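Engineer: Okay, handing you the structure first.
2 protein chains.
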Amino acid sequence: MQSIHEAALAELVAVGLGRLTMEGIAKRAGTAKTSLYRRWSAPHDVLLDAIHHEHPQEVPSPAADDLRGDLLRALRQLVAWLGTPTAAAVAAIMAERRRYPELARALYERVFDARGGRFTLTVLRFYAARGHLDPARITPIVADLGEALVFKLALDADAPPSEEQLVAIVDQAILPAVGLDPARRSVKS
Amino acid sequence: MQSIHEAALAELVAVGLGRLTMEGIAKRAGTAKTSLYRRWSAPHDVLLDAIHHEHPQEVPSPAADDLRGDLLRALRQLVAWLGTPTAAAVAAIMAERRRYPELARALYERVFDARGGRFTLTVLRFYAARGHLDPARITPIVADLGEALVFKLALDADAPPSEEQLVAIVDQAILPAVGLDPARRSVKS
Numbered sequence: 001m002q003s004i005h006e007a008a009l010a011e012l013v014a015v016g017l018g019r020l021t022m023e024g025i026a027k028r029a030g031t032a033k034t035s036l037y038r039r040w041s042a043p044h045d046v047l048l049d050a051i052h053h054e055h056p057q058e059v060p061s062p063a064a065d066d067l068r069g070d071l072l073r074a075l076r077q078l079v080a081w082l083g084t085p086t087a088a089a090v091a092a093i094m095a096e097r098r099r100y101p102e103l104a105r106a107l108y109e110r111v112f113d114a115r116g117g118r119f120t121l122t123v124l125r126f127y128a129a130r131g132h133l134d135p136a137r138i139t140p141i142v143a144d145l146g147e148a149l150v151f152k153l154a155l156d157a158d159a160p161p162s163e164e165q166l167v168a169i170v171d172q173a174i175l176p177a178v179g180l181d182p183a184r185r186s187v188k189s
Numbered sequence: 001m002q003s004i005h006e007a008a009l010a011e012l013v014a015v016g017l018g019r020l021t022m023e024g025i026a027k028r029a030g031t032a033k034t035s036l037y038r039r040w041s042a043p044h045d046v047l048l049d050a051i052h053h054e055h056p057q058e059v060p061s062p063a064a065d066d067l068r069g070d071l072l073r074a075l076r077q078l079v080a081w082l083g084t085p086t087a088a089a090v091a092a093i094m095a096e097r098r099r100y101p102e103l104a105r106a107l108y109e110r111v112f113d114a115r116g117g118r119f120t121l122t123v124l125r126f127y128a129a130r131g132h133l134d135p136a137r138i139t140p141i142v143a144d145l146g147e148a149l150v151f152k153l154a155l156d157a158d159a160p161p162s163e164e165q166l167v168a169i170v171d172q173a174i175l176p177a178v179g180l181d182p183a184r185r186s187v188k189s
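Line order of the protein sequences matches chains B and V.
Each residue of the first sequence is one higher than the one before, starting from 1 at the first, in full-length UniProt numbering.
Each residue of the second sequence is one higher than the one before, starting from 1 at the first, in full-length UniProt numbering.
Following this line, the structure appears as structure tokens:
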């Protein structure tokens, strides 16, 4: 399975979204095309499966006693993920979303939504469920803060954000947005 | 001047960054190439000038009595700008920044920085200078919130953010980040 996933991602890089075929993936994986068809009906399905399989999963501290650290770890996972072949595949799908709208939609539904929706969202929900922050604060905008700022910094610098920038995102954007502002004295936690 | 700016932007759309020439811009503007050279030394300079000229300028309320409304207006300016030929030209430069690193750098320095650095930043500084918020709160991360979220929403939806989303960005992200949290009772202003 792993080798077929890797083959699908490598084949995408080599030929592009429009020329991704079952044959090309099978050849690269060193397997028969028929064995691919046993599991998937089209090359884009293999690709989505590969992206899904490699998508990081946030694991908050079980005692729910380190919201700041858990948010930071979630952002580090995002930054690490940005450097993977999976992220390159996602970028390729996004770049051609108008040509393959179904594929882009499936990416959001079958991968992102299925894997927690957004980086930091699993952590935020975990702490909200345990009474550390108001669940009403976890709006779509607030859930998007981490990804939005990481993407923006990466775009501006053409390089992944630094550790200091990730800390700043947590302390200056996410925590204030959920009402836990490190710059104020009145932080409840 | 306006017609030459427009010609440069239209020519970029037609031929791409790599084939933008003084001749092409002059022809499209209905003028002589020599008259372009009187003012600019290269086609990329004409392009930067055109982008600079069209870049919106934030104008905060003179009495500094409507931070929320001024932030919202700044975000509306950004969304309106995203639909212009200038924004398409910026996207073209960003997409080819590795081929034209000097051009991308000049875009940041001669346009974005010269025009206030970031959407919402002029407004935030204006209110901070008048004592309505702590200037130390206006960090690079906080100054980037508006652009980062607008770009992220536009990317996810493949459409510009709605008015409701802009309001949510102001109320749920920017105001909390500068310590003026509409969801708390203790809003000072």
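Just so it is clear, CB atoms sit at the ideal spot from N, CA and C, and this is done for glycine as well.
What you are looking at is a predicted structure, and each value in this text was computed from that prediction instead of being measured.
Does the separation of the CB atoms of I93 (chain V) and L78 (chain V) fall below 7 angstroms?
Structural biologist: For I93 (chain V) and L78 (chain V), no; Cβs fall outside 7 angstroms.
Engineer: Any beta-carbon of chain B closer than 7 angstroms to the one on A168 (chain V)?
Structural biologist: True, the Cβ-Cβ gap to chain B drops below 7 angstroms.
Engineer: Which of the residues in the region 137-150 of chain B, read from start to end, lie with their CB under 8 angstroms from any CB of chain V?
Structural biologist: Those would be R137, T139, P140, I141, V142, D144, L145, E147, A148 and L149, in chain order.
Engineer: Kindly indicate which three-state DSSP category Q146 (chain V) falls into: helix, strand or coil?
Structural biologist: Strictly speaking, residue 146 (chain V) in this sequence is Gly, with Gln absent from that position. Helix.
Engineer: Kindly indicate which three-state DSSP category L20 (chain B) falls into: helix, strand or coil?
Structural biologist: Here L20 (chain B) sits in coil by DSSP.
Engineer: Taking a contact to mean a Cβ-Cβ separation below 7 angstroms, would you say V150 (chain B) touches L71 (chain B) in this structure?
Structural biologist: Not closer than 7 angstroms, so no.
Engineer: Out of V:A63, V:L153, V:L166 and V:T84, point me to the one whose CA is closest to R130 (chain V)'s CA.
Structural biologist: For the residues V:A63, V:L153, V:L166 and V:T84, the minimum Cα distance to R130 (chain V) belongs to V:A63.
Engineer: Below 9 angstroms between beta carbons is the criterion; list the residues of the region 118-139 of chain B that meet it against any residue of chain V, in chain order.
Structural biologist: Here the close residues are D134, A136, R137 and T139.
Engineer: From the DSSP output, in three-state form, read off V187 (chain V) for me.
Structural biologist: Because V187 (chain V) sits at a pLDDT of 43, beneath the cut-off of 50, its placement in the model cannot be relied upon, and the point is left open.
Engineer: Name, going along the chain, the residues of the region 58-84 of chain B whose beta-carbon falls closer than 8 angstroms to a beta-carbon of chain V.
Structural biologist: Against chain V - using a Cβ distance shorter than 8 angstroms - the region 58-84 of chain B contributes no residues.
Engineer: Nearest CA to the CA of R76 (chain B): which residue from B:V90, B:L145 and B:V167?
Structural biologist: Closest option to R76 (chain B), Cα to Cα, is B:V167.
Engineer: Would you kindly check if the distance between the Cβ of I51 (chain V) and the Cβ of T86 (chain V) is under 7 angstroms?
Structural biologist: It is a contact, given that the beta carbons lie within the stated cut-off.
Engineer: Three or more C-beta pairs under 8 angstroms: does that hold for the region 7-21 of chain V against the region 31-49 of chain V?
Structural biologist: Cβ pair count under 8 angstroms is three or more, so yes.
Engineer: Can at least three beta-carbon pairs, one atom from the region 99-118 of chain V and one from the region 114-129 of chain B, be found at a separation below 8 angstroms?
Structural biologist: With a cut-off of 8 angstroms, the region 114-129 of chain B and the region 99-118 of chain V do not count as touching, because too few Cβ pairs lie within range.
Engineer: Am I right that V111 (chain V) and H55 (chain V) are in contact with their C-beta atoms under 8 angstroms? What's the rounded C-beta distance?
Structural biologist: Indeed they touch by this definition, with Cβ atoms about 6 angstroms apart.
Engineer: Please confirm if P161 (chain V) has its CB atom under 7 angstroms from at least one CB of chain B.
Structural biologist: It does not; no Cβ of chain B falls within 7 angstroms.
Engineer: What three-state label does DSSP hand Y100 (chain B) in the structure shown?
Structural biologist: It is coil, neither helix nor strand.
Engineer: H53 (chain V) by DSSP, collapsed to three states: which one?
Structural biologist: Residue state, collapsed to three classes: helix.
Engineer: The alpha helix (DSSP H) that contains P85 (chain B), what's its start and end?
Structural biologist: Taken as a continuous stretch (DSSP letters only), the alpha helix (DSSP H) holding P85 (chain B) covers P85 to A95.
Engineer: Check E58 (chain B) in the structure and name its three-state DSSP category.
Structural biologist: Looking at E58 (chain B) - three-state DSSP - the assignment turns out to be coil, as it is neither helix nor strand.
Engineer: Leaving out the 5 sequence neighbours to the left and right, which residues in its chain are closer than 7 angstroms to P161 (chain B) when beta-carbon positions are compared?
Structural biologist: V79, V150, L153 and A154.
Engineer: Less than 7 angstroms between CB atoms is the rule here; does P176 (chain B) satisfy it with respect to chain V?
Structural biologist: So yes, P176 (chain B) belongs to the interface.
Engineer: Would you tell me roughly how many angstroms separate the C-alpha atoms of S61 (chain V) and T84 (chain B), rounded to the nearest one?
Structural biologist: Between S61 (chain V) and T84 (chain B), the C-alpha separation is close to 46 angstroms.
Engineer: How big is the Cα-Cα spacing for Q2 (chain V) and L9 (chain V)?
Structural biologist: If I take the Cα positions, the gap works out to 11 angstroms.
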